[in-house]
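Notes follow once the structure below has been shown.
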Ligand SMILES: Cc1ncc(COP(=O)(O)O)c(C=O)c1O
Ligand SMILES: Cc1ncc(COP(=O)(O)O)c(C=O)c1O
Ligand code: FES
Ligand code: FES
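Spelled out as structure tokens, the structure:
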């Protein structure tokens, strides 16, 4: 697996990175074996994610996944977000090595916990 | 390893087999893993093995070894018997497979215990 | 299609000569030979893919990881599990039993509790529980074996043997029974245990867990853990065409989840700090340190090979040969165990009158015939036959009727050698 | 003679291409590749000699037995023991440590006793003792590592790390110390422990036993257990050109004699009755069940191979490459551990600023370079470097300066990929 342009771009310049004032949802997840961590903040209103931001993470893949996922779920209905699974990450990011799946699943599980 | 004529002969018709009346030494040994057992009886007098007999044992090799060894030590000085080691058995019996060494060493260790 | 002559072509060692005779390998209950497909899988692993698994990002590590996890999946399917996380790789059946003893047994067996085994267990499935019972003040209850070498499920008298009371399974089971550890097929006699009856009785009468020693059954019979209704199954790769140093503990997921780890170290761990650690998930929780990667891959290839033959065909072949052997040996030796071939795997246990089993084995070796002799790590059942040692010929997929004929012929020679004048 | 180009010819896997580039295998601290001599020894075992060992009378069983016992003898000589009964075959170093924990530790470590380890132990040599201490109410005392990644023998301040006090060895030792378990070479940093000083201090100040984790030292340095003055040494075959699934516990005979068995089963037993059993003698007392015969034979062949190179030459090669690599990488990455190459085996641990070690490893893999990244089963020492993950390149007998050059070149590419615009 090679990193795509888009992954590299999202890793270098993550979207929706930083604090979110007035967030009413918060969720933090970490990967035991690499110690990396991501924390999401969201404004949820009327069953819709109005805004979302994140902090933390470590590697390029998890950062890019957090960035791309946050873009994707912004404006989505909470009900729809609950349905997201590993497939959506692979759709967004392309093929991911098995050894790195945990990287890209970390932000997903944090986002799902957010709306869980 | 093939059984020699002499081994087969000693196994079929063991010398010095049976009880020994008036024995003043007795020694019994067994092999844990095959359960076979040999018991020697001897008349020792003036530091010399005057007579020796044995009972028990199981396989052809241990029987032949008991037979041949008993013949060998009959009339020997106790001091000399103490010096006997595995080599004497191999001299008597020819080459023995490693897996069967325990068979031929069983009577030897019983005889050594007898004079120990 | 099951064509023995074609199968034999796959096993390089069968071309060997022993003492000037072609090898007749009839010691398969001890360990089996390896087809070139298994040897090649090992070589391919080392020549093209070798790397440490699970933690590496690089290509070789990913390849090795996917090869061993793929082997795990194959083995799960082979024994009828649809959850490959239930397959724990160990060194051999002995280690698998010890794993259950140290992990589950240490935690769940207490003073006064009872562990039930049979008189014909392999030492691994006997001594391990002896030791646990001794340590915990628990009681080992031993199920007797009948004259046909079958586990006595019910009926019959309690008797004393080796200073221990032995009895029927029905008598052995009680409110305090915590574990029943029984072999599916005896390695000494080849008798097939009536597992369905046993499991039903244990489940009806107790809340005990059931461990099945499949060392002799998994290699020759279709295994369906999903239908067996037991808690653990153990077996060794080397007895089913696989490499040495690899074996399997299968357990129901719920019970494996509850069990604490056994060996500690790399790979079985989640987060580690100086003061505390967290365990990895199944199956890795039980696989500490760098695993036997080549062994896993080789066992996967062995399973492929067996499945290409078909396990029903394998069993048919065993049955055919054992029926033939029993028929042929009749009157020529004292034969132990079930008279009805349908009750036994491909094992024939015998003695020539007045000739020690080790001598029989050694003279046969002079003719290129490899059989085992002695107690076969099953001293109690051998002693219960009234013997100190027995000879055992055991067949597998590559054995032929001609080899049985040859064995029987040479038994006559053995008798000649030792005939009293 | 030590000619790397000739050595490389012996390793089939080195001909592989990864992502279109020739493989540069720099993950040797995780596991090493196998020369054809080792692969051939395994194949020869399976194609010509395979049988179960120790109990068989027949020729194959005798051959297999003499092959594995011959391997045991070679390995004893290789590590400077003149008593091959002191060599216990296990699966890997992790199992060896667990064996000592379950057998010796369970018996000898009680409430309030102290076990001393270092902060840079591999998880196998940390978690195992953590668990024993937790179970027994004993205390785990942790020796700190200095800024150079060396074990702090004496001096320095006690400090708290991960909620645990860490200190110098001198401070850690006391009247209650029962065991000191220390690595000879760190797998994370490659630093060589000052074993002579450590052993002397332990022997002077305590009656504690000493266990040395030789997983990273035995493969690269001449080992002389006779002169080390320790009680146990553990190592894994797969890290020294040997097969997977085989490792060694060496122990002084007196201590092994006193230790109760660990795993129960066939082969480790003398006499067995339903009510009691007796143990076999060393080393078989600790080798339950059918052993990894092919693994033993393969490790014997690996030892032959290493001895044909000469362990002093092997160490010289490691030193040469690590000195070269340290020189080359300077200024291009943050490097951890000893600055003086003489204090380290062939391991270079580093990070590229702002780039996660896993990303570094993955981009390098795109160029055919295999390095490891993460915590290397040594989470505490990685965290003590202030990192969550580090990258590690580690060399062995077949690595070249050209491969180091190639790695350094490609580090520049990695930086380009992730450079902020
Ligand atoms: C220092 C050290 N100790 C112990 C181990 C554990 O070895 P294994 O995984 O072969 O049990 C390793 C290998 O990673 C190591 O480097
Ligand atoms: C019925 C049975 N159980 C357990 C074992 C032990 O297997 P291993 O020696 O591979 O651990 C054997 C093999 O001899 C066996 O036949
Ligand atoms: S390496 Fe930790 S999340 Fe990717
Ligand atoms: S087989 Fe028992 S002594 Fe020979």
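Protein chains in written order, with the numbering used here: chain A, 1 to 116; chain B, 117 to 232; chain C, 233 to 653; chain D, 654 to 1074.
Ideal placement from N, C-alpha and C gives every residue a C-beta, glycine not left out.
If you're wondering where the values come from, they're calculated on a predicted model, not measured in any experiment.
With DSSP as the reference, please indicate the residues paired to residue 1002 (chain D) in a beta bridge.
-> In DSSP, residue 1002 (chain D) forms a bridge with D:989, D:1045.
Complete beta strand (DSSP E) runs within the segment 316-398 of chain C (minimum length 3 residues, chain order) | Taking only runs of at least 3 residues, the beta strand (DSSP E) segments lying wholly in the segment 316-398 of chain C are 319-322, 346-350, 371-375, 391-393.
Report yes if the C-beta distance between residue 103 (chain A) and residue 67 (chain A) is below 7 Å; otherwise report no.
-> Contact flag unset, no.
Given a threshold of 16 other Cβ atoms within 10 Å of its Cβ, counted over all protein chains shown, does residue 29 (chain A) qualify as buried or as exposed?
-> buried
Same chain, Cβ closer than 6 Å to residue 514 (chain C), neighbours up to 5 away in sequence not counted | 317, 488
Does the Cβ of residue 508 (chain C) have 16 or more other Cβ atoms within 10 Å, making it buried, or fewer, making it exposed?
-> exposed
Contact with chain D by residue 39 (chain A), beta-carbon distance below 7 Å = no
Could you name the residues that DSSP lists as bridge partners for residue 40 (chain A)?
-> A:27, A:54
Starting from residue 174 (chain C), follow its DSSP beta bridges and name the residues at the other end.
-> Outside the displayed range of chain C (233 to 653) lies residue 174 (chain C), so it cannot be described from this structure.
Determine the extent of the beta strand (DSSP E) in which residue 503 (chain C) is found, giving its start and end residues.
-> 501-504
Residue 215 (chain B) at chain D interface by Cβ criterion, 7 Å | yes
Buried or exposed: where does residue 1014 (chain D) fall if 16 or more other Cβ atoms within 10 Å of its Cβ makes it buried?
-> buried
To the nearest angstrom, report how far apart residue 673 (chain D) and residue 686 (chain D) are at their CA atoms.
-> 20 Å
What residues in the segment 989-1018 of chain D have a beta carbon less than 9 Å from any beta carbon of chain A?
-> 1008, 1009, 1010, 1011, 1012, 1015, 1016, 1018
Apply the 10 Å Cβ neighbour rule to residue 788 (chain D) and answer buried if 16 or more other Cβ atoms are within range, or exposed otherwise.
-> exposed
Proximity winner among D:892, D:895, D:901, D:852, relative to residue 880 (chain D) (alpha-carbon distances) | D:852
Please indicate yes or no: does the CB of residue 590 (chain C) lie closer than 6 Å to some heavy atom of ligand 4?
-> yes
Using 6 Å as the cut-off, classify the Cβ of residue 869 (chain D) as near or not near the heavy atoms of ligand 1, replying yes or no.
-> yes
Partners in chain C for residue 32 (chain A), counting only beta-carbon separations shorter than 7 Å = 502, 503, 510, listed in chain order.
Please work out which residues of its chain come closer than 8 Å, Cβ to Cβ, to residue 228 (chain B), disregarding the five sequence neighbours upstream and downstream, and give them in chain order.
-> 197, 198, 200
What first and last residue would you give for the beta strand (DSSP E) that runs through residue 443 (chain C)?
-> 441-445
Going by alpha carbons, who is nearest to residue 693 (chain D) out of D:1039, D:943, D:952?
-> D:952
Can you check DSSP and say which residues form a bridge with residue 1023 (chain D)?
-> D:678
Regarding residue 326 (chain C) and ligand 5, is the C-beta to nearest heavy atom distance less than 6 Å?
-> Among the ligands modelled here, namely ligand 1, ligand 2, ligand 3 and ligand 4, ligand 5 does not occur.
Are the Cβ atoms of residue 844 (chain D) and residue 324 (chain C) separated by less than 7 Å?
-> no
Is residue 314 (chain C) closer than 7 Å to residue 445 (chain C) when the C-beta atoms are compared?
-> no
Contact between the segment 761-776 of chain D and the segment 820-836 of chain D (3+ Cβ pairs under 8 Å) = At 8 Å Cβ cutoff, the stretches touch.
Under 8 Å (Cβ pairs) to chain B, residues found in the segment 712-737 of chain D | 714, 715, 718, 719
Proximal chain C residues relative to residue 124 (chain B), where beta-carbon distance stays under 9 Å = 649, 650
Within the chosen definition, does the segment 960-978 of chain D reach the segment 1007-1021 of chain D through at least 3 CB pairs nearer than 8 Å?
-> Contact check between the segment 960-978 of chain D and the segment 1007-1021 of chain D: fewer than three CB pairs, one atom from each, fall below 8 Å, which does not count as touching.
Beta-carbon proximity check, residue 385 (chain C) vs residue 429 (chain C), cutoff 7 Å | yes
Could you give the residue range of the alpha helix (DSSP H) that holds residue 655 (chain D)?
-> From DSSP, residue 655 (chain D) is part of no alpha helix (DSSP H); its letter is neither H nor E.
Helix, strand or coil: which one does DSSP assign to residue 161 (chain B)?
-> strand
Proximity test, Cβ basis, 7 Å: residue 116 (chain A) and chain D = no
Verify the CB distance criterion: does residue 60 (chain A) have a CB-CB separation below 7 Å to chain D?
-> yes
At which residues does the beta strand (DSSP E) containing residue 931 (chain D) begin and terminate?
-> 930-932
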